[in-house]
Structure formats: C-alpha cells, structure tokens
Amino acid sequence: MTHASAKVDSATVTLRVLPHGEGLGLPRRASAGSVGYDLQAAVSDKLLLEVRTPLAVPCGIALALPDFTEAQIRPRSGLALRHAITCLNAPGTIDSDYRGEIKVILVNHGNTPFVIERGMRVAQIVFARVLPVRFVESAALEASVRDRKGFGSSGMQALADESAW
C-alpha cells in the first residue's frame with residue numbers, strides 16, 4: 002500500500018505563529034513517509050551552542066493540542082550523527098493543556114561549539130494519542146515471563162526463540 006492510498010486518521014492542531022517565528026513557515030514533514038514535523042530555530046541572531054551546555058532554542062510557535070494528545074520533541078538524526086547535537090530530554094513531552102512557546106532543549110555532545118541560525122531545522126515534533134488510565138491498587142501483580150527482571154535483563158544478543166514474540 003502506498004502512502005498516497007493509505008487510510009490514516011488525522012487530528013487538527015491549532016497553531017499560533019509568534020512574532021519572532023513569522024516567515025519561517027509551519028512545521029512540515031520532509032517526505033510523505035515522515036512521521037516527524039521539522040521544528041526550526043526562531044532566532045534573530047546566531048546562537049552558539051557551547052559544548053555540554055544545554056540551551057533552550059525557541060521555535061516561534063505555540064500549539065493547542067486535542068485532548069488526550071501529546072507532542073513529542075525528538076532529535077534530528079543528521080544533527081546527532083554529524084555534530085553530536087541532540088535533545089537533552091528526548092523525547093520531550095508537550096501536554097495538551099500547554100499553550101506556551103515550543104522550545105527545544107539542545108545539548109552539544111561534540112568537541113566544538115555549534116552555531117544555530119534562524120530557520121535551521123533543530124528537532125522534530127511527533128504527535129501521539131494518549132490513553133487515559135485509572136489505577137486499581139492491588140497487593141500483588143499478575144506474573145509475566147519477564148517478571149521483575151529489569152535493566153538489560155533481555156541481554157544484547159538476539160533471542161533464540163523468535164516465536165516468543
């Protein structure tokens with residue numbers, strides 16, 4: 002099935018362009034198969050992202066998300082691979098009741114400062130439906146194959162029995 006013929010549910014996200022974001026255009030996907038919408042730096046002057054120093058980069062937009070929807074801020078793979086630039090709290094979550102400016106917390110894991118310029122694509126935003134839950138307290142939990150095995154318990158090698166998936 003091609004992307005053009007695939008049936009996909011969509012949602013409406015109301016977006017406000019802030020004065021310093023004017024002229025950048027709306028977030029957009031790089032291709033029909035992309036799930037992330039690129040976020041751009043809405044800066045007037047160049048910003049210097051120092052090594053190992055977090056920086057909140059303004060994107061010049063604010064959103065009103067539908068109820069039970071979150072926006073996730075994720076790094077761009079090209080910045081990560083070529084310059085060791087990533088989002089510090091990836092993925093960052095934007096809740097449906099937040100109405101402030103979208104800012105991306107970037108960190109430079111490289112060895113030299115990195116210049117951020119106006120319009121540079123600095124991160125991507127992905128939208129997801131969120132299931133509201135209610136908690137039911139219990140003295141015990143139902144057992145599972147993994148049970149209480151935690152960090153790294155599934156190992157680094159491929160599982161021998163893929164039928165378990």
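Mind the numbering: the sequence shown is residues 2 to 166 in the numbering used here, read in order. From the three backbone atoms N, C-alpha and C, an ideal C-beta is built for every residue, glycine too.
Host alpha helix (DSSP H) of R130 (start-end): Sequence index remark: in the sequence shown, residue 130 carries index 129 (1-based). Membership of R130 in any alpha helix (DSSP H) is not indicated; the residue belongs instead to the beta strand (DSSP E) covering 122-130.
Distance CB(A129)-CB(E71) smaller than 8 Å: Numbered from its first residue, the sequence shown carries residue 129 at position 128. Numbered from its first residue, the sequence shown carries residue 71 at position 70. Yes, Cβ-Cβ distance for A129 and E71 is below 8 Å.
Expected contact under 8 Å - CB spacing of H21 and P59 to nearest Å: Locating residue 21 in the sequence shown gives position 20, counting from the first residue. Locating residue 59 in the sequence shown gives position 58, counting from the first residue. With 8 Å as the limit, H21 and P59 qualify as a contact, their Cβ atoms being about 7 Å apart.
Inter-residue Cα distance where the pair is D96 and L66: Position 95 of the sequence shown holds residue 96. Position 65 of the sequence shown holds residue 66. Taking the straight line from one Cα to the other gives about 8 Å.
Residue environment, G101, which counts as buried when at least 16 other CB atoms sit within 10 Å: Within the sequence shown, numbered from 1, the residue matching residue 101 stands at position 100. Under this definition G101 is an exposed residue.
6 Å Cβ shell around V44 - same chain, five flanking residues per side excluded: For this step, residue 44 is matched to residue 43 along the sequence shown. Answer for V44: R119, listed in chain order.
Cutoff 6 Å; reference V52; Cβ partners in own chain excluding five residues on either side: Counting from one through the sequence shown, the residue named residue 52 turns up at place 51. Setting aside the 5 residues that flank it on each side, V52 is surrounded in the same chain by N109, each with a C-beta closer than 6 Å to its C-beta; the list follows chain order.
L178, DSSP secondary structure in three states: With the chain covering only 2 through 166, there is no way to say anything about residue 178.
Where L50 sits in the DSSP three-state scheme: Translated into the one-based positions of the sequence shown, residue 50 becomes position 49. Correct three-state label for L50: strand.
Distance between L49 and N90 (C-alpha atoms, nearest Å): For the purposes of this step, residue 90 is identified with residue 89 of the sequence shown, where counting begins at 1. For the purposes of this step, residue 49 is identified with residue 48 of the sequence shown, where counting begins at 1. Roughly 19 Å between the two C-alpha positions.
Boundaries (first-last residue) of the beta strand (DSSP E) holding L16: The residue you call residue 16 lines up with position 15 of the sequence shown. Element bounds for L16: 15-18.
L134 versus D46: straight-line alpha-carbon distance, rounded: Numbered from its first residue, the sequence shown carries residue 134 at position 133. Numbered from its first residue, the sequence shown carries residue 46 at position 45. What sits at residue 134 in the sequence shown is Val, not Leu. Rounded to the nearest angstrom, the two C-alpha atoms are 44 Å apart.
Span of the beta strand (DSSP E), counted from its first residue to its last, around G93: Start at 1 with the first residue of the sequence shown, and residue 93 comes out as number 92. Boundaries of the beta strand (DSSP E) around G93: 93-95.
With 16 other Cβ atoms within 10 Å as the buried cut-off, status of V105: Along the sequence shown, one-based indexing puts residue 105 at 104. With 16 or more other Cβ atoms from the protein chains shown falling within 10 Å of its own Cβ, V105 counts as buried.
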